[in-house]
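A.B. asks:
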Amino acid sequence: MAIPELEIPEILAFLQSAEPEALEQIAEQDVVEAFRSSAAEVPGYKDLLQKWKVDPTAVTDLASFRAHVPIVDKHVVFPPYSIEQLCRNRNIEDLKGVLPSSGHSGVFAFSVNTAKNVQNTAKMVDLALEYCLGISKRRALMVNTYPMGVNVHTALPVANTGVNADIALAIIKKFSPSFEQLILVGQPLFTKRLIEEGAEQGVDWAGIRASVVTGGEGNAESWRTYISRRVGLKDPDRPDGRFVASSMGIGELDLNLFHEVPDTIRIVRTAYHDRTLRYALFGEGVEVCPHFFMYYPMRTYIEEVPIPGSPVSELAVSMVSPDIRNPLIRYKTGDRIKIISYRTLERILAKHARPVPMPRLHMPIVAVFGRKETVQTRGGAIPAEVVKEGVYWEYDVASAITGFFKVRAVRGALKVELQLKPGVRPLRRFNRLLDDALKSCLPPRVAVQSEFFAHKDYPYSISYERKYLYIDRK
28 MAIPELEIPE ILAFLQSAEP EALEQIAEQD VVEAFRSSAA EVPGYKDLLQ KWKVDPTAVT
88 DLASFRAHVP IVDKHVVFPP YSIEQLCRNR NIEDLKGVLP SSGHSGVFAF SVNTAKNVQN
148 TAKMVDLALE YCLGISKRRA LMVNTYPMGV NVHTALPVAN TGVNADIALA IIKKFSPSFE
208 QLILVGQPLF TKRLIEEGAE QGVDWAGIRA SVVTGGEGNA ESWRTYISRR VGLKDPDRPD
268 GRFVASSMGI GELDLNLFHE VPDTIRIVRT AYHDRTLRYA LFGEGVEVCP HFFMYYPMRT
328 YIEEVPIPGS PVSELAVSMV SPDIRNPLIR YKTGDRIKII SYRTLERILA KHARPVPMPR
388 LHMPIVAVFG RKETVQTRGG AIPAEVVKEG VYWEYDVASA ITGFFKVRAV RGALKVELQL
448 KPGVRPLRRF NRLLDDALKS CLPPRVAVQS EFFAHKDYPY SISYERKYLY IDRK
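When we follow my numbering, the leftmost residue of the sequence shown carries the number 28, and every step to the right adds one.
#1: Mark W79 as exposed unless 16 or more other C-beta atoms lie within 10 angstroms of its C-beta, in which case mark it buried.
#2: Would you be able to state if there are at least three C-beta pairs under 8 Å between the segment 124-138 and the segment 278-286?
#3: What does DSSP give as the partner residue(s) for K123 in the beta ladder?
#4: Alpha carbon to alpha carbon, what distance is there between S65 and L372?
#5: What are the boundary residues of the alpha helix (DSSP H) that T252 is part of?
#6: Within 10 angstroms of its Cβ, does D6 collect 16 or more other Cβ (buried), or is it exposed?
#7: Residues in the same chain with beta-carbon distance under 6 Å from P266, minus the five sequence neighbours each way, listed in chain order, please.
#8: With which residues is I443 paired in a DSSP beta bridge?
#9: Quick check on the burial criterion: 16 or more other C-beta atoms within 10 angstroms. Buried or exposed for E14?
#10: Name the residue from S490, I498 and M390 whose alpha carbon lies nearest to the alpha carbon of Y173.
#11: Locate the alpha helix (DSSP H) running through E400, then write down its first and last residues.
#12: Could you tell me the distance, in whole angstroms, from the CA atom of E444 to the CA atom of K219?
#13: Have a look at E314, H131 and I235 and flag the residue whose alpha-carbon is nearest the alpha-carbon of E412.
#14: For I375, I'd like the list of residues in its chain whose CB is within less than 7 Å of its CB, leaving aside the five on either flank, ordered along the chain.
#15: Identify every run of the beta strand (DSSP E) within the segment 160-227, keeping only runs that are complete inside it and at least 3 residues long; order them along the chain.
#16: Does the distance from the CB of H318 to the CB of V395 come in under 7 Å?
#17: Given this structure, state the Cα-to-Cα distance separating G406 from F480, to the nearest angstrom.
#18: With burial defined as no fewer than 16 other Cβ atoms inside 10 Å of the residue's Cβ, what is the status of I235: buried or exposed?
#19: Exposed or buried, D193, counting other C-beta atoms within 10 Å across all chains shown (16 or more means buried)?
#20: Mapping the DSSP letters down to three states, classify V490 as helix, strand or coil.
#21: Please report the distance separating the alpha-carbon of K261 from that of I110.
#22: If I'm right that C19 touches E416 with Cβ under 8 Å, what's the distance once you round it to whole angstroms?
#23: Can you pull the DSSP bridge partners for E341?
#24: According to DSSP, T241 sits in a beta bridge with which residue or residues?
#25: Using a threshold of 6 Å, is the CB atom of P70 nearer than that to any non-hydrogen atom of the ligand ATP?
#26: Under the DSSP definition of a beta bridge, which residues are partnered with D5?
#27: If we ignore side chains and look at the alpha-carbon of each, how far apart do P449 and Y487 end up?
#28: What does A138 pair with, by DSSP beta-bridge criteria?
#29: Could you give the residue range of the alpha helix (DSSP H) that holds F92?
#30: Can you tell me whether A29 is helix, strand or coil according to DSSP?
#31: Would you report the Cα separation of G397 and N191, rounded to the nearest angstrom?
#32: CA-CA distance, V58 and R452?
#33: Please go through the same chain and pick out, in chain order, the residues whose beta-carbon is closer than 6 Å to the beta-carbon of R472, but skip the five residues on each side of it.
#34: Does Q214 pass the burial test, meaning 16 or more other C-beta atoms within 10 Å, or should it be called exposed?
#35: Do you know whose CA, among V424, I409, S238 and K150, lies nearest L454's CA?
#36: Take V145 as the anchor and find which of V179, M175, R117 and M169 has the nearest alpha-carbon.
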């Protein structure tokens with residue numbers, strides 16, 4: 028279905044009026060054709076299917092797609108083939124841009140974008156910003172602080188500063204008086220630094236109507252609470268006109284696969300405070316809320332791949348648009364998820380949170396719990412995302428640290444090592460506050476040790492330019 032060919036008001040009207048089941052069926056119908064065209068037109072994928080003895084003609088409907096089409100990942104797709112072999116008809120003549128993955132796994136992956144891809148991506152970004160922040164009614168400047176030359180495609184005026192706080196703040200100070208709102212985009216670690224340094228230099232984040240959208244890595248609801256306070260958002264539970272939000276992209280797929288809207292923020296913040304709703308949405312025993320994203324079934328087909336011994340699944344994505352030059356089908360990303368249909372969400376809210384309104388956009392939800400990697404302790408496997416919730420729980424701790432920390436197992440206990448900001452001394456009070464916060468987030472049998480390092484004494488390398496790995500793999 029050619030949703031991107033419509034104008035933004037028409038798309039929003041469609042997403043609010045269409046039956047949720049009809050929206051979900053769009054991807055189910057399109058993914059089979061997406062597979063068949065990829066098998067015929069992408070030489071590398073055709074070769075992979077032949078090696079795995081998959082007959083594309085046997086895939087005629089969703090059931091046969093699930094039964095026969097292999098689930099792949101970057102290690103299978105990218106190292107063996109040239110970029111021409113991964114593109115339709117070996118064509119990169121109209122290449123407009125390349126978006127890389129972070130490379131943190133040791134293997135780089137890439138998406139190849141044409142001018143039409145870029146145009147479609149920009150429209151979907153602007154659609155989200157229109158719905159969330161009313162950019163057609165309130166003139167906005169976007170300040171993009173993503174590293175590695177990552178651009179956010181949008182019709183808005185954009186200042187691409189990278190991870191240069193002095194440049195970003197100089198632009199914000201000079202240009203924000205000429206705009207009605209500011210949209211600050213970047214990764215959480217640098218965003219935290221920029222907001223804190225801006226406040227120290229007299230930037231009135233509330234006065235310039237700053238909203239924050241982060242991606243590149245997951246963050247915690249406690250991080251949202253902390254950043255909301257720093258930018259002068261009085262009620263992070265009920266955003267209205269401004270917000271602190273997250274999006275999720277994967278370099279080789281799309282920069283904006285999933286994102287929050289004010290409606291979903293209200294729901295996840297209610298679950299954050301209400302254990303009964305949290306368990307109903309995410310599963311019994313889930314103490315730390317995952318990201319609660321909407322996704323567009325007319326762009327992507329999303330699947331849950333079972334993880335042995337885990338109550339949640341691994342994300343697999345199929346890009347269904349015929350305009351995508353290097354399509355990836357049933358592509359496993361390493362993220363832990365749970366898909367929640369619109370109707371399922373409706374039933375859960377009706378039972379456990381009736382005053383909370385349903386999202387006005389009738390799209391399905393994907394709860395993203397973070398990466399598969401965990402730290403193995405005597406009390407269980409602990410993902411970094413759970414630790415983040417504890418790290419930002421206490422305002423005094425959150426404001427004292429840079430956000431860089433490492434977690435590892437030491438004699439069966441969970442060891443958390445954190446970097447303090449320049450000029451901040453390690454205090455035992457920080458350890459007490461953090462240890463108590465972590466105990467509220469972790470399973471009861473997990474022992475915790477925390478250590479705060481003066482800024483220059485932090486024993487791990489840090490960079491805002493690359494994705495930071497919170498789990499010590501040594």
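Backbone N, C-alpha and C fix where the C-beta goes; we use that ideal spot for every residue, glycine too.
Computed from a predicted model, the values in this text were never measured in an experiment.
C.D. replies: The answer reads as follows:
#1: Counting the other CB atoms within 10 Å of its CB gives W79 a total below 16, which places it among the exposed residues.
#2: yes
#3: Answer is none; K123 lacks a bridge partner.
#4: 33 Å
#5: E248 to R257
#6: The structure shown has nothing for residue 6, since the chain only spans 28 to 501.
#7: P289 and I292
#8: As written in the sequence, residue 443 is Val, which differs from the Ile given in the question. Paired residues: V434 and S477.
#9: An answer regarding residue 14 cannot be provided, because it is not within the stretch 28 to 501 covered by the chain.
#10: S490
#11: No residue range can be given for E400, since it is assigned to no alpha helix (DSSP H) and is classified by DSSP as neither H nor E.
#12: 18 Å
#13: E314
#14: A307 and L308
#15: 167-171, 185-187 and 208-213
#16: The answer is yes: Cβ separation under 7 Å.
#17: 26 Å
#18: buried
#19: exposed
#20: Reading off the sequence shown, one finds Ser at residue 490, where the question assumed Val. In the structure shown, S490 sits in coil (DSSP, three-state: anything other than H, G, I, E or B).
#21: 48 Å
#22: For residue 19 there is no data in the structure shown, the boundaries of the chain being 28 and 501.
#23: According to DSSP, E341 bridges with V332 and R363.
#24: G213 and S273
#25: Only the bare structure without any ligand can be found here, which leaves the ligand ATP out of the picture.
#26: Residue 5 cannot be examined here, being either before or after the span of the chain that is shown, 28 to 501.
#27: 16 Å
#28: It is Ser, not Ala, that sits at residue 138 in the sequence shown. Answer is L126.
#29: L89 to H95
#30: Low confidence applies here, because A29 scores a pLDDT of 47, under 50, leaving its location unreliable; read the following figure in that light. Coil.
#31: 27 Å
#32: Taking the straight line joining both Cα atoms gives about 55 Å.
#33: G406
#34: Label assigned to Q214: buried.
#35: V424
#36: V179
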